[in-house]
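Numbering (my numbering), first residue to last: 6 to 105.
Next up, the structure:
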(Lines of atoms letter the chains of each structure in order from A; the text may use other names.)
(Lines give C-alpha, C1' and ligand atoms only; values in the text may rest on other atoms or scores of the structure.)
Protein backbone atom coordinates (compact mmCIF):
# COMPACT_ATOMS: atom_id res chain seq x y z
CA UNK A 6 0.00 0.00 0.00
CA UNK A 7 2.83 2.38 0.77
CA UNK A 8 4.35 1.77 -2.66
CA UNK A 9 1.08 2.87 -4.24
CA UNK A 10 1.04 6.10 -2.22
CA UNK A 11 4.69 6.68 -3.15
CA UNK A 12 3.86 6.57 -6.88
CA UNK A 13 0.90 8.95 -6.65
CA UNK A 14 -2.15 7.06 -5.40
CA UNK A 15 -4.18 9.36 -3.16
CA UNK A 16 -5.83 6.71 -1.02
CA UNK A 17 -6.00 2.96 -0.41
CA UNK A 18 -9.26 1.22 0.45
CA UNK A 19 -8.76 0.04 4.05
CA UNK A 20 -11.21 -2.84 3.63
CA UNK A 21 -8.91 -4.58 1.17
CA UNK A 22 -5.52 -4.13 2.85
CA UNK A 23 -5.19 -7.75 3.98
CA UNK A 24 -6.13 -9.13 0.56
CA UNK A 25 -3.92 -9.91 -2.39
CA UNK A 26 -5.61 -7.06 -4.27
CA UNK A 27 -5.85 -3.42 -3.23
CA UNK A 28 -8.27 -0.77 -4.39
CA UNK A 29 -6.45 2.51 -4.97
CA UNK A 30 -7.83 5.97 -5.60
CA UNK A 31 -6.11 8.71 -7.54
CA UNK A 32 -6.94 11.81 -9.52
CA UNK A 33 -8.28 10.81 -12.97
CA UNK A 34 -5.49 12.78 -14.66
CA UNK A 35 -2.90 10.67 -12.79
CA UNK A 36 -4.48 7.28 -13.49
CA UNK A 37 -2.17 6.21 -16.32
CA UNK A 38 0.96 7.47 -14.53
CA UNK A 39 0.09 5.59 -11.33
CA UNK A 40 -0.71 2.41 -13.27
CA UNK A 41 2.58 2.61 -15.20
CA UNK A 42 4.58 3.31 -12.03
CA UNK A 43 3.04 0.30 -10.27
CA UNK A 44 3.75 -1.94 -13.26
CA UNK A 45 7.37 -0.70 -13.38
CA UNK A 46 7.69 -1.90 -9.76
CA UNK A 47 6.53 -5.36 -10.97
CA UNK A 48 3.12 -4.99 -9.30
CA UNK A 49 0.22 -6.50 -11.24
CA UNK A 50 -2.57 -4.06 -12.09
CA UNK A 51 -5.80 -6.05 -12.43
CA UNK A 52 -7.97 -3.13 -13.54
CA UNK A 53 -7.51 0.61 -13.95
CA UNK A 54 -10.62 2.68 -14.56
CA UNK A 55 -12.21 6.04 -13.95
CA UNK A 56 -15.32 5.86 -11.84
CA UNK A 57 -17.50 8.09 -9.72
CA UNK A 58 -17.22 7.57 -5.98
CA UNK A 59 -19.77 9.27 -3.70
CA UNK A 60 -18.51 11.53 -0.94
CA UNK A 61 -21.42 10.40 1.24
CA UNK A 62 -23.49 7.23 1.16
CA UNK A 63 -27.06 6.76 2.29
CA UNK A 64 -28.36 3.68 4.10
CA UNK A 65 -31.60 2.37 2.64
CA UNK A 66 -34.34 0.40 4.33
CA UNK A 67 -35.36 -2.84 2.64
CA UNK A 68 -38.25 -1.38 0.61
CA UNK A 69 -36.19 1.53 -0.73
CA UNK A 70 -33.20 -0.76 -1.35
CA UNK A 71 -35.33 -3.14 -3.42
CA UNK A 72 -36.73 -0.23 -5.44
CA UNK A 73 -33.22 1.11 -6.01
CA UNK A 74 -31.90 -2.29 -7.12
CA UNK A 75 -34.81 -2.68 -9.57
CA UNK A 76 -34.13 0.81 -10.96
CA UNK A 77 -30.42 0.08 -11.35
CA UNK A 78 -31.19 -3.18 -13.18
CA UNK A 79 -33.60 -1.42 -15.54
CA UNK A 80 -31.15 1.38 -16.24
CA UNK A 81 -28.33 -1.07 -16.92
CA UNK A 82 -30.56 -2.93 -19.40
CA UNK A 83 -30.93 0.18 -21.58
CA UNK A 84 -28.74 0.03 -24.69
CA UNK A 85 -27.49 3.60 -24.41
CA UNK A 86 -26.48 3.33 -20.74
CA UNK A 87 -22.81 2.51 -20.16
CA UNK A 88 -22.52 2.87 -16.37
CA UNK A 89 -24.88 3.35 -13.44
CA UNK A 90 -23.66 4.87 -10.17
CA UNK A 91 -25.40 5.19 -6.83
CA UNK A 92 -24.66 6.48 -3.37
CA UNK A 93 -27.00 3.90 -1.84
CA UNK A 94 -25.58 1.68 0.89
CA UNK A 95 -27.47 -1.61 0.61
CA UNK A 96 -27.04 -4.34 3.22
CA UNK A 97 -25.64 -7.63 1.91
CA UNK A 98 -28.68 -9.60 3.09
CA UNK A 99 -31.01 -7.29 1.14
CA UNK A 100 -28.88 -7.59 -1.99
CA UNK A 101 -28.87 -11.38 -1.62
CA UNK A 102 -32.64 -11.40 -1.16
CA UNK A 103 -33.02 -9.32 -4.33
CA UNK A 104 -30.67 -11.56 -6.32
CA UNK A 105 -32.34 -14.76 -5.10
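Even glycine gets a Cβ: it sits at the ideal position worked out from N, Cα and C.
| message | Alpha carbons only, please: which of 14, 104, 9 is nearest the one belonging to residue 75? | response | For the purposes of this step, residue 75 is identified with residue 70 of the chain shown, where counting begins at 1. If we check each option's Cα against that of residue 75, 104 comes out closest.
| What does DSSP give as the partner residues of residue 30 in its beta bridges? | Looking up residue 30 in the chain shown gives position 25. Here residue 30 is bridged, per DSSP, to 16.
| Exposure of residue 58, with buried meaning 16 or more beta-carbon neighbours within 10 Å | By one-based count along the chain shown, residue 58 stands at place 53. By the neighbour-count rule (16 or more Cβ atoms within 10 Å), residue 58 is not buried but exposed.
| Closest by CA to residue 73, which one among 38, 46, 93? | Along the chain shown, read from residue 1 onward, the residue named residue 73 stands at position 68. Out of 38, 46, 93, 93 has the C-alpha closest to the C-alpha of residue 73.
| Reference residue 64; option with closest CA among 88, 100, 48 | The sequence position of residue 64 within the chain shown is 59, counting from 1. Measuring from the Cα of residue 64, the nearest candidate turns out to be 100.
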